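*Asks:* So the sequences go chain by chain: A and B. Heads up: the first sequence begins at 1157 in our numbering, then just goes up one per residue. Heads up: the second sequence begins at 1157 in our numbering, then just goes up one per residue. Before we start, here is the structure in question, set down as structure tokens.
Number of protein chains: 2
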Amino acid sequence: MLNHMVEQSPRLDAVFHALADPTRRAMLGQLAERELTIGELATPFSMSFAGASKHVRVLENAGLVTRTIQGRTHLCRLQAARLAEANAWLRRYERFWNEKLDTLEALLRAEDEAAAEKSKTLKE
Amino acid sequence: MLNHMVEQSPRLDAVFHALADPTRRAMLGQLAERELTIGELATPFSMSFAGASKHVRVLENAGLVTRTIQGRTHLCRLQAARLAEANAWLRRYERFWNEKLDTLEALLRAEDEAAAEKSKTLKE
DNA sequence: CTGATTGTCAACCAAATGGTTTAACTTCTT
DNA sequence: AAGAAGTTAAACCATTTGGTTGACAATCAG
């Protein structure tokens, strides 16, 4: 069941925020093929090293990228676990875009309401 | 294969940005159960009507919510198609979290180090 | 008509974002 | 030792964000 309370998840905040920028999504796309340095990540976007560095920092804070310092270069590597978490969150809404499950959903909701009413009478 | 070009998708920008806020994610959770008015969306968060109205606007701009004006009340309904789009984007990376299970382990290790460094600021 | 309810709009605020530039620090090369 | 290369840090800037308040418009109830 979807959460009634305020959803408190700084991790999801950071992941979705990181994904909300097209440059960062493109960087992840690049990193899906091979590990890249900050400079290699910067050049395709005609962006300063410092700018790219900031984006990588955001991806790192979201847990989407890890960094290995090799001499003076910083090798960045994709970490997909957090993408899986975001995917898991989204899939909770899958029934809303999958019509096949509509009847099952209605059935489960009826059961939930019955259970809620039962607990209410027990409380009185 | 994942895209080499700069990913240009204002829709994904808007969807991921909308999902990056915990209040908005919670609002979607509420709307997954039934349609709600602006006021009904505002009260659980002890937030002003205007504040909730702004969040709903963001969700609307992202295509995640549609609104039906009934008299003086605005009924909001979840629209899941854009969530499906975001899900589709994430699934392009599915092989990265299916192939390697130790990715999570590496991530947790990196996270522990980051947490140790940030524990001061995280403690309110 | 008189109020109360529902919601938007505009103005404002502090904080964060995405970007730059300049300076500095390492590390590698010669 | 000198200099080039890779990266970060700091300062700065314009814009956006998430939130508030107060005024206003529309609708409903008496």
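The beta carbon of each residue, even a glycine, is placed where N, CA and C say it ideally should be. Small disclaimer: the values here were computed from a predicted structure and weren't measured.
Can you pull the chain B neighbours of H1173(A), defined as C-beta to C-beta under 8 Å?
*Replies:* In the first sequence, the residue the question calls residue 1173(A) occupies position 17. Ordered by position in chain B, the residues that pass the 8 Å Cβ test against H1173(A) are F1172, H1173, A1176.
*Asks:* Taking Q1186(A) as part of the alpha helix (DSSP H), name the residues at either end of that continuous run.
*Replies:* For this step, residue 1186(A) is matched to residue 30 along the first sequence. Looking at the DSSP string, the run of the alpha helix (DSSP H) that includes Q1186(A) is 1178-1187.
*Asks:* Determine the contact status of L1231(A) and T1193(A), defining contact as a CB-CB distance below 8 Å.
*Replies:* Here residue 1231(A) is taken as the residue at index 75 of the first sequence, counted from 1. Here residue 1193(A) is taken as the residue at index 37 of the first sequence, counted from 1. Yes. Within cutoff.
*Asks:* Just the Cα atoms here: how many angstroms apart are A1208(B) and I1225(A)?
*Replies:* In the second sequence, counting from the first residue as 1, residue 1208(B) sits at position 52. In the first sequence, counting from the first residue as 1, residue 1225(A) sits at position 69. Using only the alpha carbons, I get a separation of about 44 Å.
*Asks:* What is the rounded straight-line gap between the Cα of F1201(A) and the Cα of Q1186(B)?
*Replies:* Counted from its first residue, the first sequence places residue 1201(A) at position 45. Counted from its first residue, the second sequence places residue 1186(B) at position 30. About 39 Å.
*Asks:* Can you tell me whether R1233(A) is helix, strand or coil according to DSSP?
*Replies:* For the purposes of this step, residue 1233(A) is identified with residue 77 of the first sequence, where counting begins at 1. Correct three-state label for R1233(A): strand.
*Asks:* N1243(B) to A1242(A), Cα distance in whole Å?
*Replies:* Within the second sequence, the letter at position 87 stands for residue 1243(B). Within the first sequence, the letter at position 86 stands for residue 1242(A). For N1243(B) and A1242(A), the distance between alpha carbons rounds to 9 Å.
*Asks:* With a cut-off of 8 Å on the beta carbons, I'd call A1176(A) and F1205(B) a contact; round off their distance for me.
*Replies:* Your numbering for residue 1176(A) matches position 20 in the first sequence. Your numbering for residue 1205(B) matches position 49 in the second sequence. A1176(A) to F1205(B), Cβ: 26 Å. No contact.
*Asks:* How big is the Cα-Cα spacing for A1170(A) and T1229(B)?
*Replies:* Taking the first sequence and counting its residues from 1, the one referred to as residue 1170(A) is at position 14. Taking the second sequence and counting its residues from 1, the one referred to as residue 1229(B) is at position 73. For A1170(A) and T1229(B), the distance between alpha carbons rounds to 34 Å.
*Asks:* Kindly indicate which three-state DSSP category K1279(B) falls into: helix, strand or coil?
*Replies:* As a first step, residue 1279(B) must be located in the second sequence, where it is residue number 123. In this predicted model, K1279(B) has a pLDDT of only 33, less than 50, meaning its place in the structure is not dependable; the value taken from the coordinates is given anyway. Residue state, collapsed to three classes: coil.
*Asks:* So which residues of chain B does S1165(A) contact, with C-beta pairs closer than 7 Å?
*Replies:* On the first sequence, position 9 is the one that residue 1165(A) refers to. Near S1165(A) (Cβ distances below 7 Å), the residues of chain B are P1178.
*Asks:* Compare the C-beta of L1234(B) against all C-beta atoms of chain A and say whether one is closer than 8 Å.
*Replies:* Position 78 of the second sequence holds residue 1234(B). Closer than 8 Å: yes.
*Asks:* Rounded to a whole number of angstroms, what is the C-alpha to C-alpha distance between Q1235(A) and A1188(B)?
*Replies:* Numbered from 1 along the first sequence, position 79 holds the residue referred to as residue 1235(A). Numbered from 1 along the second sequence, position 32 holds the residue referred to as residue 1188(B). Taking the straight line joining both Cα atoms gives about 30 Å.
*Asks:* Just tell me which of Q1164(B), R1180(B), R1248(B), P1166(B) has its CA closest to the CA of S1165(A).
*Replies:* Mapped onto the first sequence, residue 1165(A) falls at position 9. Closest by alpha carbon: R1180(B).
*Asks:* Which chain B residues are close to R1247(A), counting only those with a beta carbon under 8 Å from its beta carbon?
*Replies:* Along the first sequence, one-based indexing puts residue 1247(A) at 91. Correct list: N1243.
*Asks:* Please list, in chain order, the chain A residues whose beta carbon lies closer than 9 Å to that of A1198(B).
*Replies:* For this step, residue 1198(B) is matched to residue 42 along the second sequence. Under the 9 Å cutoff, chain A gives no residues; its nearest Cβ is about 13 Å from A1198(B).
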